[in-house]
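See below for the structure under consideration.
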Amino acid sequence: MNKKTATLLLLLTALIWGCSFVAQDVSSDYLGPFTFNFVRFFIGSAVLLPFVLNSRKKRKITKQEDITAIKAGLSCGIALAIASVLQQIGVGSSGAGKGGFITSLYNIFVPFILVLMGKKLTKRNFICALGAIVGMYLLCINETFSLERGDIFLLLCAIGFALHIIIIDYFKETDGLTLSCLQFFVSGVICLFGALISEKIDLNLIIKAIIPLLYAGIFSCGIAYTLQVIAQKYIHPAIATLVLSLESVFSVLAAWVILGDTLSAKELLGCFIVFIFVVYAQLPQKNT
Numbered sequence: 022m023n024k025k026t027a028t029l030l031l032l033l034t035a036l037i038w039g040c041s042f043v044a045q046d047v048s049s050d051y052l053g054p055f056t057f058n059f060v061r062f063f064i065g066s067a068v069l070l071p072f073v074l075n076s077r078k079k080r081k082i083t084k085q086e087d088i089t090a091i092k093a094g095l096s097c098g099i100a101l102a103i104a105s106v107l108q109q110i111g112v113g114s115s116g117a118g119k120g121g122f123i124t125s126l127y128n129i130f131v132p133f134i135l136v137l138m139g140k141k142l143t144k145r146n147f148i149c150a151l152g153a154i155v156g157m158y159l160l161c162i163n164e165t166f167s168l169e170r171g172d173i174f175l176l177l178c179a180i181g182f183a184l185h186i187i188i189i190d191y192f193k194e195t196d197g198l199t200l201s202c203l204q205f206f207v208s209g210v211i212c213l214f215g216a217l218i219s220e221k222i223d224l225n226l227i228i229k230a231i232i233p234l235l236y237a238g239i240f241s242c243g244i245a246y247t248l249q250v251i252a253q254k255y256i257h258p259a260i261a262t263l264v265l266s267l268e269s270v271f272s273v274l275a276a277w278v279i280l281g282d283t284l285s286a287k288e289l290l291g292c293f294i295v296f297i298f299v300v301y302a303q304l305p306q307k308n309t
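Counting in our numbering, the sequence shown runs from 22 upward without gaps.
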């Protein structure tokens, strides 16, 4: 595979993930956040399972590798479940377009969380954080100078996804497909328990939301992740991250085309500023 093809695959991945915010928005009319997520994560895990089993047949897996994979799946699955439930609550309240941009702030939060682990911040980190704050003010603060409920949940979900990325990096030696399959399963189990405790699982409502559920499970979890894993082997990580950051732009476009959602001029300016600083945060730099 050449770099052009890999870039196109990553662009398709960003498009799939951007449109998944629409699926989440539509599903919120029928299902609670726990129910939506346990169904889609189980679907995603099932989609990846044949690939994982096929991979295991082709190479010898040691007992230690299996133990590490289980630890990784549990750790990542817990973080993913928390972040995804927060995101679903936020998207259901604030909409798909804003959800994509606020979630993208995980790129800004990662270096600040790493400070707690002994890492150092660069001047760029502070610049990006200040720029993101300006963008978030325009995107989220209303006339009464307050955040909407959904925006707060989306900010928390961005922190959750930042933690999820850091945990994945810690287990980066684990097979990617295996880790993804396990984390989806673990997240699905956690969300299932959450649904049993706090929500009423209605099969009829699940059937009504089956199209966005299948999209979120098959395309967003299964296919998009596989495309990402394949394509990133043939392209520089910095370029890959920049292409994937277009997910936030696609979320707004998808919400506009499919749902008819629109943002005010102030909100669009906020989206633009957030996107610029998210991209800037991911550009290569000499001192990190």
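Just so it is clear, CB atoms sit at the ideal spot from N, CA and C, and this is done for glycine as well.
As the structure is a prediction and not an experimental result, all values here were calculated from the model.
Start and end residues, alpha helix (DSSP H) containing Val300
In the DSSP assignment, Val300 falls within the alpha helix (DSSP H) that extends over Ala286 to Gln303.
Arg80: first and last residue of the uninterrupted alpha helix (DSSP H) it sits in:
From DSSP, Arg80 is part of no alpha helix (DSSP H); its letter is neither H nor E.
Where Met157 falls, given that 16 or more other Cβ within 10 Å makes a residue buried:
By the 10 Å Cβ count, Met157 comes out buried.
Would you say Gly238 lies against chain C (beta-carbon separation less than 9 Å)?
Annotation note: the requested chain C is absent from the structure, which comprises a single protein chain.
Drop a sphere of 10 angstroms on the beta-carbon of Thr83, count the other beta-carbons inside from all chains shown, and report buried for 16 or more, exposed for fewer.
Flag for Thr83 reads exposed.
In this structure, does DSSP put Asn128 in helix, strand or coil?
In the structure shown, Asn128 sits in a helix (DSSP, three-state: H, G or I).
Taking just the CA atoms, how far does Gln303 sit from Thr309?
Confidence in Thr309 is poor, its pLDDT being 44 and thus under 50, which makes the residue's placement unreliable; the coordinate value appears in the next sentence. Cα to Cα, Thr309 sits roughly 11 Å from Gln303.
Inter-residue Cα distance where the pair is Gly39 and Ser125
Cα to Cα, Gly39 sits roughly 11 Å from Ser125.
With a CB to CB cut of under 7 Å and the five nearest residues on each side skipped, what residues in its chain are close to Val264?
Excluding residues within five positions, the ones whose Cβ falls inside 7 Å are Thr28, Leu31, Leu32 and Ala35.
Enumerate in chain order the residues of its own chain whose CB-to-CB distance from Ala183 is below 6 Å, with the five nearest sequence positions on each side excluded.
Excluding its 5 nearest sequence neighbours in each direction, Ala183 has C-beta neighbours in its own chain below 6 Å: Tyr127, Phe130, Val131 and Ile134, listed in chain order.
Roughly how many whole angstroms lie between the Cα atoms of Gly120 and Leu284?
Here the alpha carbon of Gly120 sits roughly 12 Å from the alpha carbon of Leu284.
Beta-carbon separation (whole angstroms), Gly181 vs Phe59, contact threshold 8 Å:
Between Phe59 and Gly181 the Cβ distance is about 17 Å, and since that is not below 8 Å, they are no contact.
Measure the C-alpha to C-alpha separation of Ser96 and Thr199 and round it to an integer number of angstroms.
Going from the Cα of Ser96 to the Cα of Thr199 covers about 13 Å.
Please name the residue in Val300, Ala252, Val273 and Gly215 whose C-alpha comes closest to that of Gly53.
Cα-wise, what sits closest to Gly53 is Gly215.
From Glu86, Leu248 and Tyr301, residue whose alpha carbon lies closest to that of Ile37
The option with the nearest alpha carbon to Ile37 is Leu248.
Cutoff 6 Å; reference Gly98; Cβ partners in own chain excluding five residues on either side:
Correct list, in chain order: Gln204, Val207 and Ser208.
Between the stretch 63-72 and the stretch 98-113, are three or more C-beta pairs nearer than 8 Å?
Verdict: no, contact absent.
For Ser266 and Asn23, the rounded distance between their alpha carbons
Taking the straight line from one Cα to the other gives about 21 Å.
When you compare the CB positions of Ala117 and Phe42, do they come within less than 9 Å of one another, or not?
Closer than 9 Å, so yes.
Less than 9 Å between the C-beta atoms of Asp172 and Ser115, yes or no?
Inclusion of Asp172 and Ser115 in the CB contact set at 9 Å is warranted, their separation being smaller than that value.
Using 8 Å for Cβ pairs, my map puts Leu280 next to Asp46. What's the rounded Cβ distance?
About 7 Å separates the Cβ atoms of Leu280 and Asp46, confirming a contact at the 8 Å cut-off.
Tyr255, DSSP secondary structure in three states
Tyr255 falls in the helix class under three-state DSSP.
Cα-Cα separation, Phe147 to Lys81
Cα to Cα, the separation comes out at about 45 Å.
So, helix, strand or coil for Thr195, using DSSP?
Under the three-state reduction of DSSP output, Thr195 falls in the coil class, being neither helix nor strand.
Secondary structure of Asp46, DSSP reduced to three states
Correct three-state label for Asp46: helix.
Would DSSP call Asn146 helix, strand or coil?
Helix at Asn146.
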